[in-house]
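Visitor: Right, I'll just put the structure down here and ask away after.
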Amino acid sequence: MVREYVKKPIPIRALQWDGTNTEEVRKFCPSVRIQGHTLVVPTLEGDHIASKSDFIIKGVRGECYPCKADIFHETYDPVV
């Protein structure tokens with residue numbers, strides 16, 4: 084039977100890559116690497132490419148993954 088579910092509110096940590104804060108991103112997610120003008124983020128599903136303005140998210144198990152800025156802003160609100 085198909086049912087509806089609501090995603091649990093789990094706080095995450097993230098930062099936005101602007102192309103100049105690579106060292107900050109590396110401290111946050113040491114497994115990332117630069118390839119040309121893109122950031123390569125190893126994820127549980129394989130390597131993903133992050134572009135400038137993408138957010139790098141640290142998941143609940145410490146894994147990192149990129150997220151496009153528009154999707155990030157639709158999905159997450161800042162904690163105040």
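Heads up, the sequence shown is in the numbering used here, so the first residue is 84 and it goes up one at a time. The C-beta atom is built at its ideal place from N, Cα and C for all residues, glycine as well.
Pair every Cβ in the segment 146–162 with every Cβ in the segment 109–123, then say whether three or more of these pairs are closer than 8 Å.
Guide: Short answer: they touch.
Visitor: For residue 122, count neighbouring C-beta atoms within 10 Å of its own C-beta (all shown protein chains included) and say buried if the count is 16 or more, exposed if not.
Guide: For the purposes of this step, residue 122 is taken as residue 39 along the sequence shown, with counting starting at 1. It is buried - the Cβ of residue 122 has at least 16 other Cβ atoms within 10 Å.
Visitor: Just to confirm, are residue 95 and residue 140 a CB contact at a threshold of 7 Å?
Guide: For the purposes of this step, residue 95 is taken as the residue at position 12 of the sequence shown. For the purposes of this step, residue 140 is taken as the residue at position 57 of the sequence shown. Cβ distance < 7 Å, so residue 95 and residue 140 count as in contact.
Visitor: Less than 7 Å between C-beta atoms, sequence neighbours within five positions excluded: which residues of the same chain meet that for residue 134?
Guide: Counted from its first residue, the sequence shown places residue 134 at position 51. Hits under 7 Å: 121.
Visitor: Classify residue 108 as buried or exposed, calling it buried when 16 or more other Cβ atoms lie within 10 Å of its own Cβ.
Guide: Against the sequence shown, residue 108 aligns to sequence position 25. It is buried - the Cβ of residue 108 has at least 16 other Cβ atoms within 10 Å.
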